[in-house]
Structure formats: C-alpha cells, structure tokens
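Residue numbers (UniProt numbering): 1 to 484.
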C-alpha cells in the first residue's frame, strides 16, 4: 500500500499524464495556425473563393483546439507548486524566467492577434487582417520557444550559479538560458513535428469528404497541400532530429546510450544502430538484434568513426562525479543508479522515428495514387483518415523519450527527481488530484473530439455575399466577421 501511495511516483505519473494530454493540443495549434495563414494568403493573392472557404474551415478547427490547449495548459504551472515545491524553490529563479516570458510576452501577443483575426474580418483591410493570422503563428512559435528553453535548462543547465548560503540556484545569464544548445536544436524539431500533425489532419479531413464525393475541388486541394506539408515537415524533422541527437550525446550521453541500450562503449562499425533487439530480462545482455553498422556513430557524432560511451562506463563516471562527499545530497540517487529505464527509452526512440516515417510514407503514397482523377477504393480513404493521429503519437512518444531518458535527474547534474518532490504532500492527496484530473481531462477530450469532428464533417462553409445570388460577387466582409 505504501508503494501504491508513494508521493514521488504519483507526482511523476500526474505530471507526465497531464503534460502529455496538454501536448496533444500544442502541435495542432502551432501547425494549424501556419496552415490557416498560408490558405488565407493564397486567397488574398489569388481571390479564389475555395481558399477562403478552406481558411474558414481550418480556422474553426484551429480555434477549437487553441481554446482547449489554453484550458489544459493552465494546470501545468500549478503543479510546480503543488507536487514539486522543492524543485520550484531550488531552481525557480532560472526555470521561471522563460515561463514568465512565455506568459507575459508570447501568449498575450498570440491572444491579442487571435482576437483581431476573429473580429477583424469586417473591420480591417484585407491585407492587414491577413497579417494578424501570421502574427498569431509567430506568437505560437515564440511561446513554444520559451517553453522549450525552460525544458532545455532541465536537460542542460546553463546560465546559473548555486548560492550556498541560500541553498538555491540563481540566474546569472538569461541569454545563456535562451540560447541553450538544447533549446536551439529542439525548437525547429518541435515546430516541424507540429506541422506534420497539421498536415495529416488536413489529409484526414479531405479523405473523409472525398470518400463521399463532397466538396471535391476544395478537398483535392486540401489533400495534396496536407500531404506535401507532411512530407516536407518530415524531412525537416529528420534533419533537425540529427542535430538534436548530436547535442544530446554531448550534453546527456547517458540518454543516447539508453536509447540504444548500449552497455559498453563502442566506436566505428561497433557503434551500430539496432533496428530491433531482444535481450535478457535485466536488459544487460543482447540475445538477438538487427543492426545497421556505423549508424549510431553517425547519429551521435556526425561521423562514421566516432565513439559512443556505454551505460557501464557512464555509470562509473557519474558515481565518482556525483556521489562523493557531503555536497552530493541533491545529486546522488538513493539507489545509486544513473541509467533511466532502458526498455522505455529504447522503444520510445524507435516508435518516435517509426511513427513519423509511417505518416510521411502514407502521404507520399497518397500523392502518387491521387495524381490522376481516378476513383479509389474505400479502404484508401480509411487509411488516410486513420493516419491523422500518427504524428501526434510520434510527438508524444518523443517527449516520453526526452523526459524519461533524463532520469534520475529533474535538472541534469544539479538535482535528482526524488529531491524535487514536495515534502509535505501525502500520497493520497496526489492520488486524488490525479484521479480528478484524469476524469476531467477525459471529459474534455470527448468534447474536443466531437467539436473538431463536427467542424471537419461540416466542410467548407458557404461564403455570404453582398449582392443577392450573384456568385461572382465579392464576399460580404461584415457577415464574414460573424462566422467565428
């Protein structure tokens, strides 16, 4: 019973579940804002009505998702005081700075221009109104950068010093925190992944309507734009992921070793990437694997003859570095183990790559088979529809790898996770809040799914016109201003 009510385990589960749930909405908000901005730009430049109708369709999906993301995101910051007060007290001076910037600068900037975009259809000139949605997208990516900078401090702490007198870390250089190499490489990787998700949602919406022969002109455009968006974004994910992998190897070598289940240091051909592996129950010895020689060396160092440190060598190195002397109270785990759960990091790394590649493959095949106006079997459209959540799942698994691979640290080399939990919060209190959050979030998930699917199934709305039935007339800007 004591293990079941362990405050540390429950606090980790609660933060992990609520964070992953919130992140479902984040990539779609970022990616869909870009898609809507592009569609509206094409409409302004060409005057073709179908792009205005698509702007309104995906703009509605974007707004529903944005609202739900705000609701779920508010809970995140409260948890630092609820379950992680030791962590907040110790590094809040540094970690709180980019979070404050996100709230006071990026979020309010984004929210302001969302308001102008929603209510400005009949009040702003067409090109000025177009700028507002581009500013919304800029605000969303700025918000993402500040959050990633805060997370990057946990992965690679920079720009601070420990105040021994006050027993806490204090900010020295906000520039170093904001230009953390982990944040700089993680940011484009995250944005490209978000764009992939938006692309597959477009493909799914188009496939649903094309299967029924509805809005054919608009949906063929949507299908191809979504598929190309997905493929181009996947290439961006791969390129930036390689850069992020090299930074990760430099700043958190244990995470890379765990991602490969590499127990002994290897170099050159021996530093191979295992596509699939089976090992002993403790994971320490390999029984069977399918490997690509040199690939791990390339992923880790950018060369084919580089060396990758193994778990055993790093365990010995970290034990000597972090478990010696009286000052190791915050840096030495109780069990003395510095490796994360190997099977979680190993398979999360592969699922992240595999799911992303699968989504891009479906889009590439879709572009090929829809290049001609031929009737396609029903199963083709069903595959396209069910591809929609795949990039989202890849992103979620990627965050599981990022955060679980950092363990046992809450701030790498500075504080272990077990030392960051709130000391006065009993396990039953955390369990109650975990159950409540799960129930509330489950209800919100149902509401979100129904609202978005309803908007998607309704399709591109009709455009109100200023002059009777004249289908060649200009849209009625005043009535356009009431659609949201």
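The beta carbon of each residue, even a glycine, is placed where N, CA and C say it ideally should be.
For residue i, the residue or residues it bridges with in DSSP
i           : result
residue 350 : For residue 350, which the question treats as bridged, DSSP gives no partner whatsoever.
residue 150 : Answer is none; residue 150 lacks a bridge partner.
Residue i versus residue j - alpha carbon distance
i           : j           : result
residue 469 : residue 463 : The predicted position of residue 469 is uncertain, since its pLDDT is 48 and thus under 50; no value can be drawn from it.
residue 13  : residue 382 : 34 angstroms
residue 294 : residue 273 : 7 angstroms
residue 246 : residue 169 : 27 angstroms
residue 264 : residue 315 : 11 angstroms
residue 446 : residue 453 : 11 angstroms
residue 432 : residue 50  : 50 angstroms
residue 306 : residue 159 : 29 angstroms
residue 248 : residue 302 : 12 angstroms
residue 120 : residue 60  : 15 angstroms
residue 57  : residue 455 : 7 angstroms
residue 448 : residue 340 : 34 angstroms
residue 244 : residue 435 : 35 angstroms
residue 419 : residue 346 : 26 angstroms
residue 16  : residue 123 : 43 angstroms
residue 292 : residue 231 : 24 angstroms
residue 88  : residue 80  : 6 angstroms
residue 29  : residue 64  : 9 angstroms
residue 472 : residue 216 : Low confidence applies to residue 472: its pLDDT is 48, below 50, so where it sits in the model is not reliable, and the reading given next is rough at best. Each residue's alpha carbon lies about 20 angstroms from the other.
residue 414 : residue 308 : 23 angstroms
residue 406 : residue 9   : 16 angstroms
residue 54  : residue 369 : 23 angstroms
residue 18  : residue 441 : 8 angstroms
residue 252 : residue 40  : 42 angstroms
residue 165 : residue 331 : 18 angstroms
residue 241 : residue 275 : 17 angstroms
residue 259 : residue 128 : 48 angstroms
residue 328 : residue 104 : 36 angstroms
DSSP state of residue i mapped onto helix, strand, coil
i           : result
residue 409 : strand
residue 416 : strand
residue 274 : strand
residue 141 : helix
residue 215 : coil
residue 171 : strand
residue 266 : strand
residue 308 : strand
residue 53  : helix
residue 245 : helix
residue 259 : helix
residue 188 : helix
residue 363 : helix
residue 320 : helix
residue 335 : coil
residue 461 : coil
residue 181 : helix
residue 156 : coil
Residue i and residue j closer than 7 angstroms at C-beta
i           : j           : result
residue 229 : residue 199 : yes
residue 401 : residue 348 : yes
residue 98  : residue 146 : yes
residue 44  : residue 130 : yes
residue 86  : residue 11  : no
residue 395 : residue 227 : no
residue 197 : residue 177 : no
residue 417 : residue 408 : yes
residue 380 : residue 352 : no
residue 102 : residue 143 : yes
residue 91  : residue 411 : yes
residue 460 : residue 218 : yes
residue 6   : residue 427 : yes
residue 150 : residue 388 : no
residue 182 : residue 156 : yes
residue 33  : residue 140 : yes
residue 344 : residue 404 : yes
residue 25  : residue 68  : yes
residue 393 : residue 355 : yes
Extent of the continuous beta strand (DSSP E) run through residue i
i           : result
residue 160 : 160 to 163
First through last residue of the alpha helix (DSSP H) which encompasses residue i
i           : result
residue 14  : 7 to 46
residue 450 : 427 to 458
residue 86  : 85 to 101
residue 395 : 390 to 404
residue 380 : 378 to 386
residue 114 : 108 to 119
residue 295 : 295 to 301
residue 123 : Careful: residue 123 lies outside any alpha helix (DSSP H) and carries neither H nor E.
Cβ of residue i within 7 angstroms of any chain C Cβ
i           : result
residue 177 : Looking for chain C here will not work: only one protein chain is present.
beta-carbon residue i near the ligand SAM non-hydrogen atom, thresh 6 angstroms
i           : result
residue 261 : No copy of the ligand SAM occurs in the structure displayed, which carries no ligand at all.
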